[in-house]
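Quick note, this note's numbering runs 87 ahead of the 1-based positions in the sequence shown.
We treat Cβ as the ideally placed atom computed from N, Cα and C, and that holds for glycine.
Note that the structure is predicted; figures quoted are calculated from it, not measured.
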Amino acid sequence: MEGSYNAKKVLPQRPGFRHHRKENYVCRDALSWQSTECSEVQEVSQSQLQQPRGKLNCSTVETPSHHDLHRELLVSTKRGLLPGEKPELKRVLEQRRLEQHREQELALRPPLELETELRKRQQILLEYEQEEIRRREEQEREVPEFVRVKDNLRRTQMSGQ
Numbered sequence: 088m089e090g091s092y093n094a095k096k097v098l099p100q101r102p103g104f105r106h107h108r109k110e111n112y113v114c115r116d117a118l119s120w121q122s123t124e125c126s127e128v129q130e131v132s133q134s135q136l137q138q139p140r141g142k143l144n145c146s147t148v149e150t151p152s153h154h155d156l157h158r159e160l161l162v163s164t165k166r167g168l169l170p171g172e173k174p175e176l177k178r179v180l181e182q183r184r185l186e187q188h189r190e191q192e193l194a195l196r197p198p199l200e201l202e203t204e205l206r207k208r209q210q211i212l213l214e215y216e217q218e219e220i221r222r223r224e225e226q227e228r229e230v231p232e233f234v235r236v237k238d239n240l241r242r243t244q245m246s247g248q
């Protein structure tokens, strides 16, 4: 038995791993799959046949395309090409593109009444602040120089203590 070529070697099988041979990966064609499913439907008891039936699962239109789609899904999964799992760079670029598109749409639409009112108020506040700054500068110019120097000396003496 040891010398014969027909003896099968027994490989130790580890739990959790499937050891298949290439012959086991034979794909059934659509007709054989359909016939097995239709035969299962025919085995239904007479009492169930008398009840109103819904849609049967042995439609010839659905089967070949379903197998093709399933095969394509398996191949794309192995390659990592699923639609939900884009590479990070592509996702970031797509998000940037969408944000730019939103900003362009916001720029094209007319501003709301509330936005225009807020801009007017902001402009008025800016003008008021600029006017206050000008007044302070003019008051400082009108004050004699020795008073300004005296104020500066007081500030330096206070900060030194």
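{"Check": "Those runs of the beta strand (DSSP E) which lie wholly inside the region 198 to 237 and span at least 3 residues", "Outcome": "none"}
{"Check": "Length of the line joining the Cα atoms of residue 174 and residue 212", "Outcome": "48 angstroms"}
{"Check": "C-alpha distance - residue 244 paired with residue 215, whole-angstrom precision", "Outcome": "34 angstroms"}
{"Check": "Cα-Cα separation, residue 201 to residue 192", "Outcome": "18 angstroms"}
{"Check": "Rounded separation between residue 162 and residue 183 - CA only", "Outcome": "30 angstroms"}
{"Check": "Distance, residue 159 Cα to residue 190 Cα", "Outcome": "38 angstroms"}
{"Check": "CA-to-CA distance, residue 240 to residue 207, given in whole angstroms", "Outcome": "43 angstroms"}
{"Check": "Coarse secondary structure for residue 174, derived from DSSP in three states", "Outcome": "coil"}
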